[in-house]
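Worksheet: one structure, shown below.
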Amino acid sequence: MFKKTKSLTNGQTTLEKQQQRKGNLANQISHSLTNGRVFEQRKRRHQQRETIRAEEEKKPSGRGREEAFEQRREAFDDDEQRREEEEKRWTTREREETVVQAREEERSVFLLGNFKSALSTMCGTLNWGNIILIVLIKVYMNSTIKILISSSRSC
Numbered sequence: 001m002f003k004k005t006k007s008l009t010n011g012q013t014t015l016e017k018q019q020q021r022k023g024n025l026a027n028q029i030s031h032s033l034t035n036g037r038v039f040e041q042r043k044r045r046h047q048q049r050e051t052i053r054a055e056e057e058k059k060p061s062g063r064g065r066e067e068a069f070e071q072r073r074e075a076f077d078d079d080e081q082r083r084e085e086e087e088k089r090w091t092t093r094e095r096e097e098t099v100v101q102a103r104e105e106e107r108s109v110f111l112l113g114n115f116k117s118a119l120s121t122m123c124g125t126l127n128w129g130n131i132i133l134i135v136l137i138k139v140y141m142n143s144t145i146k147i148l149i150s151s152s153r154s155c
C-alpha cells in the first residue's frame with residue numbers, strides 16, 4: 001500500500017509520523033471543544049453566583065433581617081393562636097353535645113320509668129293493640145328492646 005520510507009526517530013516511518021500528527025491535531029481539537037464547554041459552564045456558574053449575590057444584596061440586612069424574622073415569627077404566632085382558638089371552639093361544641101346527650105338520656109330514663117308504670121297498669125289487658133303501642137313507644141324513645149322485653153316479663 002504505502003511505501004515505507006526512511007525511519008525517523010525511534011524507528012517511526014514518515015507515514016506513522018503523519019498519522020501521529022493527525023491524531024494529535026484531533027486531540028487538540030477535541031480538547032479545545034472541551035475547554036470551550038468548560039469555559040461556558042464556568043461562565044454560567046459565575047453569572048449565577050452574581051445573580052445570587054445581587055438578590056442577597058436586595059434582601060434587608062442587619063436590622064431589616066431581624067425585622068423580617070420578627071414579622072415571620074409574629075405571623076407564625078398568630079397562626080398558632082388561631083389554631084388554639086379553633087380547638088377551644090371544637091372542645092366547647094363537644095362539651096355542649098355531651099351535655100345535650102346526657103339530658104336526652106335523663107329524659108329517656110324518666111320516660112322509661114313512666115313507660116314501666118304505664119305498662120304495669122296495662123298488663124291486665126295486654127293485647128295486640130297494646131303490643132303495637134309498646135313497640136311504637138320503644139321506637140320513639142330509642143331505648144333497647146331488651147328493656148322492653150324485661151319490663152313486659154315483669155308484669
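For the sequence shown, the UniProt record's numbering gives the first residue as 1, with consecutive numbering after it.
Built from N, CA and C at the ideal position, the CB exists for glycine as well.
Because the structure is a prediction, the values reported are computed rather than measured.
Does any C-beta atom of chain C lie closer than 8 Å to the C-beta of residue i?
i	result
T92	Considering every chain present, this structure includes no chain C. It has just one protein chain.
Nearest-angstrom Cα distance between residue i and residue j?
i	j	result
R73	V38	44 Å
Q18	G36	27 Å
E85	F76	14 Å
E97	E55	55 Å
R95	D79	24 Å
R103	W90	20 Å
Q41	R83	49 Å
V100	L136	24 Å
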